[in-house]
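Structure first, commentary second.
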Amino acid sequence: MTELSAAVTADEPGSDVSLVHEHLVAVCFLFLLKKKIKLGRAPSTGAVSLLAFSAMALLTIMEFLVYRDTWMKYEYEVDKDFSSKLKLNIDITVAMKCQYIGADVLDLAETMITSAEGLVYEPVTFDLSPQQRQWQRMLQQIQNRLQEQLSLQDLLFKSAMKSSVTALPPREDKPTEPPNACRIHGNLDINKVAGNFHITVGKAIPHPRGHAHLAALVSHDSYNFSHRIDHFSFGELLPGIINPLDGTEKIALDSNQMYQYFITIVPTKLNTRKVFCDHHQFSVTERERVINHATGSHGVSGIFMKYDISSLMVTVTEDHMPLWKFLVRLCGIIGGIFTTTGMIHGLAEFFVDLICCRFRLGAYRPLEVSYRTLGDYSILTLIQHFFYSSFLHIYVKILHVLLCSNCLKSSFLIRVVDFLIQTFFCKSLYQFP
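Residues 54 to 486 (the numbering used here) are what the sequence shown spells out, left to right.
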């Protein structure tokens, strides 16, 4: 500081070089003072920092939850496997005695698969116990939700619950009435071609042109195709996956009732964290009508499930966000909040200082400080209007560029620089003759 003061006194008062030296003395002093003196934070700065850290903590937690979560990715391709067998899983209860009905499969290749190859006929009571009825209602509610939003199916894919939701719980009490229904359950290996699984009156017998059912020995008045589908699926049996027909219950009001289900099967490969298997999803369209030959409604009373297999295969994969992407997003959140809050705080502080400076006491009065001496009052005033401002480094760079290019030898340019500072800070640093 002594060398700079000596250089100032050596020049003539009012010369351009003297003015340049005066600017350098003020700027260098403020710059050194800013580096060496550590002042306390303003209350507004602390409030902005608190809001910034709170926002960072909240967004970081939300981003971490997104990173931990997974989603299902669906990919489509042509199914090239037509030679393998497809497993059909069945659990249906019909309100007729087991000796009166028969179930079998007949496909387009004229291959007949009888129920003796994998199905079990179990005499049961058609009415459910209170616990079983509660389970039935819960399953129907889930089916209604599945029709409204498909994200629940994604949840079932990811959970792969070990306890099978689609399994009817055992009856907790012994029925007082004799069995009046037949539960047909088990699985059949069928060809991957369109076919028809049906349950109708009489046992199936082979026939050169297909097959036939011996229904002549069954009284027509005993026909009752009220049924309940506890489970119906294709492919590997996967616990926890709810299929479209699970929980379906139909009550026949006529003995000649015919129920038809038109099913479209889509081969599906399921690849999640807990499950890796070949599953087959399907969609179904229901139709029912009363057989009456007099009115032209021909057919056979019974339950018919006609299925067709799609040529497209769906691969369902459970995917999640990679670690590097999570770190990049986290850095973007932290850096973005720091930058945004800094800009907002700087702009707010600038406009507050500008308004308070111009309209304080109702008038604008320039600071009358001699440019020849830098006393305590002038230093404190300069610190007050420069130290808390983010434009100090801009002013230093402007003076540095102008001095290096020898542009400050003109008093006009010095006045221009002082006018700009006056505009931004509402105070004149120096007085000019």
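Just so it is clear, CB atoms sit at the ideal spot from N, CA and C, and this is done for glycine as well.
{"Query": "Given that a residue counts as buried once 16 or more other Cβ atoms are within 10 Å of its Cβ, and exposed if not, what is L298?", "Result": "buried"}
{"Query": "Span of the beta strand (DSSP E) holding C151?", "Result": "Segment: none, C151 is in no beta strand (DSSP E) and carries neither H nor E."}
{"Query": "Looking only at DSSP bridge pairs, what is W124 linked to?", "Result": "D372"}
{"Query": "What number of angstroms, rounded off, separates the C-alpha of N296 from the C-alpha of S102?", "Result": "53 Å"}
{"Query": "Per DSSP, which one or two residues make a beta bridge with P176?", "Result": "C235"}
{"Query": "What do you reckon, are the CB atoms on P320 and L365 nearer than 9 Å?", "Result": "yes"}
{"Query": "Less than 8 Å between C-beta atoms, sequence neighbours within five positions excluded: which residues of the same chain meet that for I344?", "Result": "N309, Q310, M311, S350, H351, G352, V353 and S354"}
{"Query": "By Cβ distance, which residues of its chain are closer than 7 Å to Q185, with the 5 residues on each side in sequence left out?", "Result": "L221, P222 and R224"}
{"Query": "Just to confirm, is the Cβ distance from N324 to T370 under 9 Å?", "Result": "yes"}
{"Query": "Span of the beta strand (DSSP E) holding P320?", "Result": "Q310 to N324"}
{"Query": "Taking only three categories from DSSP, how would you classify G137?", "Result": "The residue you asked about is not Gly; residue 137 is Ser in the sequence shown. If DSSP states are grouped into helix, strand and coil, S137 belongs with coil."}
{"Query": "Decide if L172 is buried, meaning its Cβ has at least 16 other Cβ atoms within 10 Å, or exposed.", "Result": "buried"}
{"Query": "Per DSSP, what are the beta-bridge partners of E302 in this structure?", "Result": "R281"}
{"Query": "With respect to the beta strand (DSSP E) encompassing I362, which residues constitute its N-terminal and C-terminal limits?", "Result": "G355 to I362"}
{"Query": "Once you ignore the five residues that flank S336 on each side, which residues in its own chain have a CB closer than 6 Å to its CB?", "Result": "T317"}
{"Query": "Compute the Euclidean distance between the alpha carbons of M165 and L376, then round it to the nearest angstrom.", "Result": "54 Å"}
{"Query": "Judging by CA-CA distance, which residue of I154, T392 and Y174 is the nearest neighbour of H238?", "Result": "Y174"}
{"Query": "What whole-angstrom Cβ distance do A156 and I252 have, given they're in contact under 8 Å?", "Result": "5 Å"}
{"Query": "Opposite F287 in the DSSP bridges: which residues?", "Result": "L141 and H333"}
{"Query": "At what residues does the beta strand (DSSP E) containing G248 begin and finish?", "Result": "G248 to V254"}
{"Query": "Cα separation between S275 and N233?", "Result": "11 Å"}
{"Query": "Have a look at L161 and V246 and give me their C-alpha separation to the nearest angstrom.", "Result": "7 Å"}
{"Query": "Kindly identify the DSSP beta-bridge partner or partners of R20.", "Result": "Shown here, the chain extends from 54 to 486; a query on residue 20 therefore has no answer."}
{"Query": "Suppose contacts are defined by Cβ-Cβ distances below 9 Å. Is K133 in contact with N249 by that definition?", "Result": "no"}
{"Query": "Would you tell me roughly how many angstroms separate the C-alpha atoms of F478 and V405, rounded to the nearest one?", "Result": "Reliability fails at F478, whose pLDDT of 48 lies under 50, so the model's placement of it is uncertain and no value is given."}
{"Query": "Considering T167, what are the terminal residues of the beta strand (DSSP E) in which it resides?", "Result": "M165 to T167"}
{"Query": "With a CB to CB cut of under 8 Å and the five nearest residues on each side skipped, what residues in its chain are close to L383?", "Result": "T113 and E116"}
{"Query": "Would you report the Cα separation of I386 and M374, rounded to the nearest angstrom?", "Result": "16 Å"}
{"Query": "In this structure, does DSSP put D242 in helix, strand or coil?", "Result": "strand"}
{"Query": "Might you give, ordered along the chain, the residues of its own chain that have their beta carbon closer than 6 Å to the beta carbon of S256, omitting 5 neighbours on each side?", "Result": "Reading off the sequence shown, one finds Lys at residue 256, where the question assumed Ser. Correct list, in chain order: G155 and L267."}
{"Query": "On a CA-only basis, which of M149, M191 and F315 is nearest F278? Give me that one, please.", "Result": "M149"}
{"Query": "Which value, in whole angstroms, describes the spacing of the CA atoms of K330 and D144?", "Result": "It is Cys, not Lys, that sits at residue 330 in the sequence shown. Cα to Cα, C330 sits roughly 21 Å from D144."}
{"Query": "Helix, strand or coil for S182? Go by DSSP, reduced to three states.", "Result": "coil"}
{"Query": "To the nearest angstrom, how far is it from the Cα of F403 to the Cα of L380?", "Result": "34 Å"}
{"Query": "Nearest-angstrom Cα distance between F179 and H346?", "Result": "30 Å"}
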